[in-house]
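All letters in the first sequence, in the order written, are residues 34 to 531 by this note's numbering.
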Amino acid sequence: MTNSLNISEAAVRVRIAPSPTGDPHVGTAYIGLINYIFARQRGGAFVLRIEDTDRARFVATSEREIFNSLRWLGLAWDEGPDVGGPYGPYRQSERTQIYREHCDLLLANGTAYRCFCTAEELEAARKQQIAAKLPPRYSWTCRHLTAEEAEANLAAGKPFVVRMAVPPHAGDATTSTTFRDELRGDITFEHSNIDDQVLMKSDGFPTYHLANVVDDHLMRITDVIRAEEWISSTPKHVLLYRAFGWQLPRFWHMPLLRNLDKSKISKRKNPVSLIYYRQAGFLPEAMINFLSLMGGGMPESSGPIAEKFSLAEMVERFEVKNIRLGGPVFDLTKLKWLNGEYIRALAPDDFYSALRSTILSDAYLGQIASLVQTRVETLGEFGNLTHFFFADDIVPTPEVFVPRKRTLEETLGFAAEQLAILEATEWTKETLEFALKELGAEKQWAVKENFMLLRAIITGSTMSPPLLESMVVFGKARSLDRLRRFLETQKKMAEQKK
RNA sequence: GGCGUUAUGGUGUAACUGGUUAACACGUCGCCCUCUCAAGGCGAAGAGUCCGGGUUCGAGCCCCGGUAACGCUACCA
34 MTNSLNISEA AVRVRIAPSP TGDPHVGTAY IGLINYIFAR QRGGAFVLRI EDTDRARFVA
94 TSEREIFNSL RWLGLAWDEG PDVGGPYGPY RQSERTQIYR EHCDLLLANG TAYRCFCTAE
154 ELEAARKQQI AAKLPPRYSW TCRHLTAEEA EANLAAGKPF VVRMAVPPHA GDATTSTTFR
214 DELRGDITFE HSNIDDQVLM KSDGFPTYHL ANVVDDHLMR ITDVIRAEEW ISSTPKHVLL
274 YRAFGWQLPR FWHMPLLRNL DKSKISKRKN PVSLIYYRQA GFLPEAMINF LSLMGGGMPE
334 SSGPIAEKFS LAEMVERFEV KNIRLGGPVF DLTKLKWLNG EYIRALAPDD FYSALRSTIL
394 SDAYLGQIAS LVQTRVETLG EFGNLTHFFF ADDIVPTPEV FVPRKRTLEE TLGFAAEQLA
454 ILEATEWTKE TLEFALKELG AEKQWAVKEN FMLLRAIITG STMSPPLLES MVVFGKARSL
514 DRLRRFLETQ KKMAEQKK
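The following block contains the structure:
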């Protein structure tokens with residue numbers, strides 16, 4: 034079964050659907066860029082939808098940061114939570130009633146069913162299957178429930194999820210689903226390899242699969258342009274469109290950005306936060322340009338001039354047919370070179386303005402100044418105490434960062450623990466202090482050792498303005514990146530010794 | 001393990017509908033410029049296109065079979 038394509042090109046509507054679960058991601062910017070170009074080229078609409086259905090991973094500040102970062106890059110959207118539009122609301126948490134109604138539709142037509150299995154039962158079953166070298170798959174226990182049994186469970190108030198009934202079943206005898214990926218051609222999945230996906234969680238929120246399909250349809254999305262990691266989920270989505278009796282959009286799966294070692298891009302091996310890039314002084318034009326080089330799309334990138342494009346030029350010259358499917362490595366070295374090109378091309382006044390609006394902004398300098406006022410005897414000493422706020426390569430030596438009574442190994446182990454808890458901590462002095470002290474108490478690290486280690490990593494020295502306040506001013510994205518880079522560097526050095 | 005996707009120097013890309021010695025950029029190295037460092041200029045090394053077959057006068061492009069990497073395999077997206 035293949036898509037029927039009678040959506041006219043003039044009415045193209047695309048979207049990006051980031052989740053507010055943390056810092057805005059370069060991957061979002063990448064997919065956003067492709068969608069933006071696609072929409073602009075065809076005079077279509079570019080929609081921003083916030084997929085905040087995962088309450089456990091929800092981060093309150095995240096949505097605003099996503100807006101800021103995308104605007105910074107110049108990727109303006111036509112419809113979204115903040116600008117409105119004819120198909121709103123554009124925040125999934127505000128659409129729960131819609132999902133519930135649609136879920137009931139599926140329940141009613143037999144393409145979905147209630148599942149009363151507990152998380153523990155499912156986990157146990159999964160472990161058993163894996164141990165037996167079987168693919169982990171839902172057992173269909175509740176799919177086989179009689180109507181009476183299901184009613185009884187429901188009446189007893191048992192919590193449940195709603196699962197999709199993957200064919201074959203009474204209403205649909207097919208055993209495989211084929212869909213067209215516009216970049217790769219037909220892709221087929223056997224239904225026996227597709228799990229009965231959860232559509233509605235027990236907390237009443239939909240999963241990605243349901244919300245995504247319902248919204249894409251209701252928002253009249255014609256082209257779903259997303260990352261390759263979604264290919265395996267696409268047959269489930271196709272099945273859902275069919276269960277609803279809806280027309281399919283076109284699917285385009287872009288290659289995944291990679292680390293230098295070719296794994297899916299991750300914060301441990303690469304800065305992935307757009308906030309980091311902004312604060313570290315990358316220009317949005319350079320970032321966008323670099324992203325446009327990922328996976329091709331731009332014709333004839335031969336010659337030094339041809340590699341540099343503005344967003345407008347991308348819209349003019351980008352061709353979806355030129356997209357390369359191999360996962361491109363996000364090479365920071367080349368990004369830096371490109372950024373340097375853009376910086377050098379700036380008029381002196383503009384370069385100065387760029388500095389003043391970021392790394393030398395009044396807001397930033399003002400905060401730093403208040404941290405050092407009591408610690409300098411001359412204004413000239415300002416730089417001595419604060420250079421780590423402006424420098425990018427802080428590399429403390431073991432003599433500096435390893436506390437007297439600790440070994441290198443346990444110190445690095447503890448630093449990794451610090452990173453883990455800091456990632457999950459809200460970025461204020463009080464929350465940082467609480468989290469760090471709690472960790473120190475648990476791991477038997479004195480406050481002094483604990484803070485001194487972190488101070489060395491962040492500032493490169495054992496003498497600095499107050500650590501917590503400095504970290505707050507320096508920012509979460511850059512602080513954590515410094516910590517991650519520190520750990521990676523130390524890890525590499527340890528490997529070299531072996 | 002199962003399913004899926006992908007494969008051109010270290011990295012990003014190029015190579016018309018099969019057609020010379022596989023091109024450009026980043027990076028690396030050397031030289032020039034220069035008070036230093038960059039930038040800039042000049043030059044070099046680095047792949048024979050994942051591997052093995054096949055078709056063809058001719059294959060990075062077509063066919064078959066492998067391999068590897070990556071993704072998915074959650075009440076995460």
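Beta carbons are placed, not taken as given, at the ideal position from N, Cα and C, and that holds for glycine.
From a predicted model like this one, the values you see are computed outputs, not experimental measurements.
The beta carbon of L108 is closer than 6 Å to those of G65, Y69 in its chain, skipping five residues each way along the sequence. C136: member of the alpha helix (DSSP H) spanning 129-142, first to last residue. Excluding five sequence positions before and after L452, the CB atoms of its chain that fall closer than 8 Å to its own CB belong to L513, L516, R517, L520, given in chain order.
By the beta-carbon neighbour count (other beta carbons within 10 angstroms, threshold 16), G117 is exposed. Between E466 and Y375, the C-beta spacing is not below 8 Å. When Cβ pairs closer than 8 Å are counted between the two stretches, the stretch 489-496 is seen to touch the stretch 409-422, the count reaching three or more. Take G77, set aside five residues on each side of it, and the residues of its chain with a beta-carbon closer than 6 Å to its own are V45, R46, in chain order. F484 and S503 have their C-alpha atoms spaced approximately 12 Å apart. Checking the DSSP bridge columns, you'll see A260 partnered with M287. Looking at the backbone, the Cα of L251 and that of V405 are separated by about 55 Å. Annotation note: the stretch 192-240 contains the following uninterrupted beta strand (DSSP E) runs of length 3 or greater, listed N- to C-terminal: 194-197, 209-214, 218-223, 231-233. Straight across, the Cα-Cα distance linking L371 with M327 is about 13 Å. Burial check for F384: the Cβ neighbour count within 10 Å stays below 16, so the residue is exposed.
Counting the other Cβ atoms within 10 Å of the Cβ of G359 gives fewer than 16, which makes it exposed.
Within the same chain, Cβ atoms closer than 6 Å to the Cβ of P192 are found at S235, the five residues on either side in sequence being excluded. Considering only S52, F71, R488, the residue with the shortest C-alpha distance to V353 is F71. Here the stretch 182-190 does not lie against the stretch 159-170, with fewer than 3 beta-carbon pairs under 8 Å apart. Here S306 is bridged, per DSSP, to H58.
A distance below 8 Å separates the beta carbons of K269 and I227.
For I99, the uninterrupted alpha helix (DSSP H) segment begins and ends at 95-105. In the DSSP assignment, F79 forms a beta bridge with V47.
Taking 8 Å as the cut-off, the Cβ atoms of T54 and V80 do not count as close. Membership of A489 in the alpha helix (DSSP H) is indicated by the continuous run 480-492.
K300 counts as buried, since no fewer than 16 other beta carbons sit within 10 angstroms of its beta carbon. P361 and P288 do touch by the CB rule: their CB atoms are close to 6 Å apart, below 8 Å.
At a Cβ-Cβ threshold of 8 Å, R82 and R48 count as neighbours. Residue pairing from DSSP places V362 in a beta bridge opposite R291. With a beta-carbon spacing of about 6 Å, N322 and F342 fall inside the 8 Å limit used to define contacts. About 22 Å separates the beta carbons of R147 and A89, which is beyond the 8 Å limit, so they are not a contact pair. Secondary structure of G65 (DSSP, three-state): helix. The alpha carbon of R73 has as its nearest neighbour, out of W110, E261, L167, S52, the alpha carbon of W110.
In the assembly as shown, E471 is an exposed residue. Its beta-carbon has fewer than 16 other beta-carbons within 10 Å. For the pair N303 and L365, the CB atoms are nearer than the 8 Å cut-off. Beta-bridge analysis with DSSP links K297 to R291. Straight-line measurement puts the Cα of M347 at about 51 Å from the Cα of E154. Here I392 carries a coil assignment [DSSP, helix/strand/coil].
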